[in-house]
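> Sharing a structure here in structure tokens format.
Number of protein chains: 2
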Amino acid sequence: MSSIDLEGLLQAIRTVSGLEREWVGLHEPIFQGNEWEYVKECLDTRWVSSVGKFVDRFEIELAQYTGTQRAIAVVNGTAALHICLQLVGIQANDEVLIPTMTFIATANAVAYCNAIPHFVDSEEKTLGLDPKKLENYLDRICDLRPEGCFNRDTGRRIKAIIPVHTFGHPVDLDELVKVCDRFKLELIEDAAESLGSFYKGRHTGNWGRVSALSFNGNKIMTTGGGGAIVTNDKDLASLAKHITTTAKVSHPWAFNHDRIGYNYRLPNLNAALGCAQLEQMPEFLAKKRAISQKYHQVFNQVQGVSFFLEPEFSRSNYWLNTILIDRTEVEQRDKILERTNSQGVMTRPVWTLMHKLTMFENCPKMDLSVAEDLEKRAINIPSSVFLAEDDES
Amino acid sequence: MSSIDLEGLLQAIRTVSGLEREWVGLHEPIFQGNEWEYVKECLDTRWVSSVGKFVDRFEIELAQYTGTQRAIAVVNGTAALHICLQLVGIQANDEVLIPTMTFIATANAVAYCNAIPHFVDSEEKTLGLDPKKLENYLDRICDLRPEGCFNRDTGRRIKAIIPVHTFGHPVDLDELVKVCDRFKLELIEDAAESLGSFYKGRHTGNWGRVSALSFNGNKIMTTGGGGAIVTNDKDLASLAKHITTTAKVSHPWAFNHDRIGYNYRLPNLNAALGCAQLEQMPEFLAKKRAISQKYHQVFNQVQGVSFFLEPEFSRSNYWLNTILIDRTEVEQRDKILERTNSQGVMTRPVWTLMHKLTMFENCPKMDLSVAEDLEKRAINIPSSVFLAEDDES
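Going down the list, the sequences are from chains A and B.
Letter 256 of the first sequence, counting from 1, is numbered 263 in the numbering used here, and no numbers are missing.
Letter 241 of the second sequence, counting from 1, is numbered 248 in the numbering used here, and no numbers are missing.
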């Protein structure tokens, strides 16, 4: 017999996500600021495409918000990651360390570069990369040469690492930076989920040489579809803008391109939405954190599961609130998912681990036992900003 | 001494593009239909991202408009081309025949597949691929084997061909299809510029196994940024949707992906704009053709240049109106470009030919003398839909 009371758990989620709602999604956007005004201005001025004042403004304000030197807006977070890898010089057949527990975009971006994902384990404290376990692993499998870090098994260069701030919770960046320095690894933060999340008081995305953000419809703020590269390296920022603008060389009329580039610029129409959403980030964050506090309280009373709390060194956006099933109760996971979803309360497990997917099953990997444990135990629960408002009304 | 009267030419353009305008772009969008209503509905319903009713509707109406079986909306025309190449089975090191006279996206899409662009000449009649010259060339350089067409020089398979309907003017598709059949080439139409253009009464995009459209801000209609794949092959259409949706396997909560996929879906916000624009295509087309007729009349009076007219087998959208400088006057090209642009009348030459760009200069190519001649002679002139209205008022 299970010690998890399915109805009690469903009721716990509903206490926070709304008792009267017939259906509640995992993360839906909310538009209560200047969205109308800015989007309408795009239409009225006819500036809707890849050049326009909202794109410029969005990039400036995004850099300000994240405390980075520069932001380059792109069509989505996947595109941002793809370009980040190119910016740090990833070549075909390089290996790139990424968590096995991540959304597919992280692994796909590596594949787009004809590079090889090399899967790394997570730690329960952050749900992200475990720097200590990684260091021990690299100690065992790597040759450090003047030209970089090489995988002794495959003979390939291990060039970079992409930590993911899972569900908005920062990894232990200081510890990870030490590992990167020691093993000459380029650090790219996959901050797709962590806009508004701070590590030791500073916004995520400031530790990587370049970092990727996402403004997909399910994120804390959205541009419809969109993403950005942020960096403190101005030269790389200029290069990022160049590569994402088809590598076109500036000229009043001539069309010259000096390398393989991409059509990755964010349209002004979407940037307009982004400007309006970004203005509301302080409010969104406060509400997100209020929702997570409520969940924390409520789940204190629910047997068999615990509510995941931000690591002590971080202030998280709590993008997707997460419960962890007790290890003795993991066989209840699918029952919880089935029951909640069938009742109109959207929940989901973590992504299928990358090393289990057909196209990545032969990629190099370390022991992934913590990620495999978390995969059995973690469930995301409804987390939209507007859940906070409904409760107040 | 030149026989081209620069002031007369400038005046000719202004007669059509507006005598009072201080600045006139090459192709600017116009929003006078249901754009705001539909975009506002996205914001009000919070459906702005990659799923939503406008995406579904846009795909259905786009297929109806082009007379194809299915349309799959994507983030831009480059993404559409990239996926088209994957859909017909392009592998690394395959060669893909493309015109040297095209926008960079055609060549980049080939490069994204780690395939090799093989540059083909154009004909003056269509500004696009010359099927007869191509056939003679392939006769000389190819080995036809049971497994396909092979380039005798490079040893590589020549797998596909991408004709571009340049500035909206269809290539001679019937003749090209014969060449494809004979040499076992997959046909992909780059119809990025030819929405609203018909070849022998049928919309472009129906001859390729798959074809690519674009709705960039400078096109006859726009979604801000956007594109589509159209096809009459329903299986390929389903595969296109799958690949462009990160190859996620449908499931109420689980995240499984069965191949390397892409985050290429068009956001609902942009599709809303597209639905409103598509409703106005008949009006846009009528106005575009009226503008081109006026240019034709006006340029009859201008020495040293001729106005480019659609091929006799086509009904073109006249996306970008084009004048051709007489061969004896080609040294005037840059003077014309400088004078017009400095006077606020935007003009431009064709794109720098692909085989002249650093990253493609070592790619295989045939004799490209016609494209090189056209590069010296062609100039695009202002062509926005709203130029027709101003004249009427």
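All residues carry an ideal CB built from backbone N, CA and C; glycine is no exception.
Here the structure is a predicted model, which is why all the values come from computation and not from measurement.
Of all the alpha helix (DSSP H) runs that stay within the bounds of the segment 246 to 326 of chain B, which reach a length of 4 or more residues?
275 to 286 and 288 to 306
> With 8 Å as the threshold, decide whether the Cβ of residue 362/B is near any Cβ in chain A.
no
> Looking only at its own chain, which residues have a Cβ that is under 8 Å from the Cβ of residue 86/B, when we skip the five neighbours before and after it?
234, 251, 269 and 271
> Find the residues of chain B that neighbour residue 291/A, judging by a C-beta separation of less than 8 Å, and give them in chain order.
Result: empty, since nearest Cβ-Cβ is about 14 Å, beyond 8 Å.
> Name, please, each residue of chain A whose Cβ falls closer than 8 Å to the Cβ of residue 218/B.
Within 8 Å Cβ-Cβ: nothing; residue 218/B doesn't reach chain A, min ~17 Å.
> For the segment 274 to 282 of chain A against the segment 51 to 66 of chain A, do three or more pairs of beta-carbon atoms, one drawn from each stretch, fall closer than 8 Å, so that the two count as touching?
yes
> Taking 8 Å as the cut-off, does the segment 378 to 385 of chain A touch the segment 140 to 150 of chain A (at least 3 CB pairs, one atom from each stretch)?
Because the criterion of three Cβ pairs below 8 Å is not met, the segment 140 to 150 of chain A and the segment 378 to 385 of chain A do not touch.
> Say whether chain B places a C-beta atom closer than 8 Å to the C-beta of residue 46/A.
By this cut-off, residue 46/A is an interface position.
> Under the three-state reduction of DSSP, which class applies to residue 201/A: helix, strand or coil?
coil
> Which of the residues in the segment 94 to 115 of chain A, read from start to end, lie with their CB under 9 Å from any CB of chain B?
Of all residues in the segment 94 to 115 of chain A, only 99, 110, 111, 112, 114 and 115 place a beta-carbon less than 9 Å from a beta-carbon of chain B.
> Quick check on residue 68/B: does DSSP put it in helix, strand or coil?
helix
> Residues of chain B with CB closer than 7 Å to the CB of residue 42/A, please, in chain order.
50
> Given a threshold of 16 other Cβ atoms within 10 Å of its Cβ, counted over all protein chains shown, does residue 399/B qualify as buried or as exposed?
Low per-residue confidence applies at residue 399/B: pLDDT is 46, beneath 50, and the placement is therefore not dependable, though the value from the model is reported in the following sentence. Residue 399/B should be labelled exposed.
> Can you look up residue 194/A in the DSSP assignment and give me helix, strand or coil?
Taken through DSSP and simplified to helix, strand or coil, residue 194/A comes out as strand.
> So, for residue 15/A: in the same chain, excluding its five sequence neighbours on each side, which residues have a beta-carbon less than 7 Å away from its beta-carbon?
309
> In its own chain, which residues sit with a C-beta less than 6 Å from the C-beta of residue 221/A, not counting the 5 before and 5 after it?
84, 199 and 234
> Thinking just about the alpha-carbon of each residue, which of 81/B, 27/B, 19/B and 21/B is nearest to the one in residue 236/B?
81/B
> Mind reading off the beta-carbon distance from residue 321/A to residue 205/A? Whole number of angstroms is fine, and I expect it under 8 Å.
In this structure, residue 321/A and residue 205/A form a Cβ contact; the two beta carbons are roughly 6 Å apart against a cut-off of 8 Å.
> For the segment 322 to 383 of chain A, which segments carrying the alpha helix (DSSP H) assignment without a break, of at least 4 residues, lie completely within its bounds, in sequence order?
Fully contained in the segment 322 to 383 of chain A are the following alpha helix (DSSP H) runs of length 4 or more, in chain order: 340 to 349.
> If we cut at 8 Å on Cβ distances, does residue 228/B have a partner in chain A?
no
> Quick one: what does DSSP say residue 113/A is sitting in, helix, strand or coil?
helix
> For residue 354/A versus residue 347/A, is the C-beta distance shorter than 8 Å?
yes
> Using a Cβ-Cβ cut-off of 8 Å, state whether residue 4/A counts as contacting chain B.
Outside the shown range of chain A (8 to 400) lies residue 4/A, about which nothing can therefore be said.
> From residue 117/A to residue 93/A, what distance separates their C-alpha atoms?
Roughly 10 Å separates the two Cα atoms.
> Output, in chain order, the set of chain B residues within a Cβ distance shorter than 7 Å of residue 92/A.
None at all; the shortest Cβ gap to chain B is about 14 Å.
> Could you give the distance in angstroms between the alpha-carbon of residue 326/A and the alpha-carbon of residue 296/A?
Straight-line Cα distance between these residues: approximately 9 Å.
> What separation, rounded to the nearest whole angstrom, lies between the Cα atoms of residue 76/B and residue 247/B?
13 Å
> Which first and last residues belong to the beta strand (DSSP E) in which residue 4/B is found?
Residue numbering for chain B in the displayed model covers 8 to 400; residue 4/B lies beyond these limits and cannot be assessed.
> Just tell me which of 130/B, 352/B and 275/B has its CA closest to the CA of residue 318/B.
130/B
> Is it true that the CB of residue 388/A sits closer than 8 Å to the CB of residue 328/A?
yes
> For residue 192/A, I'd like the list of residues in its chain whose CB is within less than 8 Å of its CB, leaving aside the five on either flank, ordered along the chain.
104, 156, 165, 166, 167, 168 and 186
> The alpha helix (DSSP H) spanning residue 137/A covers which residue range?
Residue 137/A -> no alpha helix (DSSP H), and no H or E assigned at all.
> Once DSSP output is grouped into helix, strand and coil, what is the label at residue 26/B?
coil
> Considering Cα atoms alone, identify which of 110/B, 111/B, 124/B and 140/B is closest to residue 98/B.
124/B
> Looking only at its own chain, which residues have a Cβ that is under 6 Å from the Cβ of residue 311/A, when we skip the five neighbours before and after it?
So the list reads 10, 11, 333 and 336, once near-sequence residues are dropped.
> Give me the Cα-Cα distance between residue 210/B and residue 360/A, rounded to the nearest whole angstrom.
45 Å
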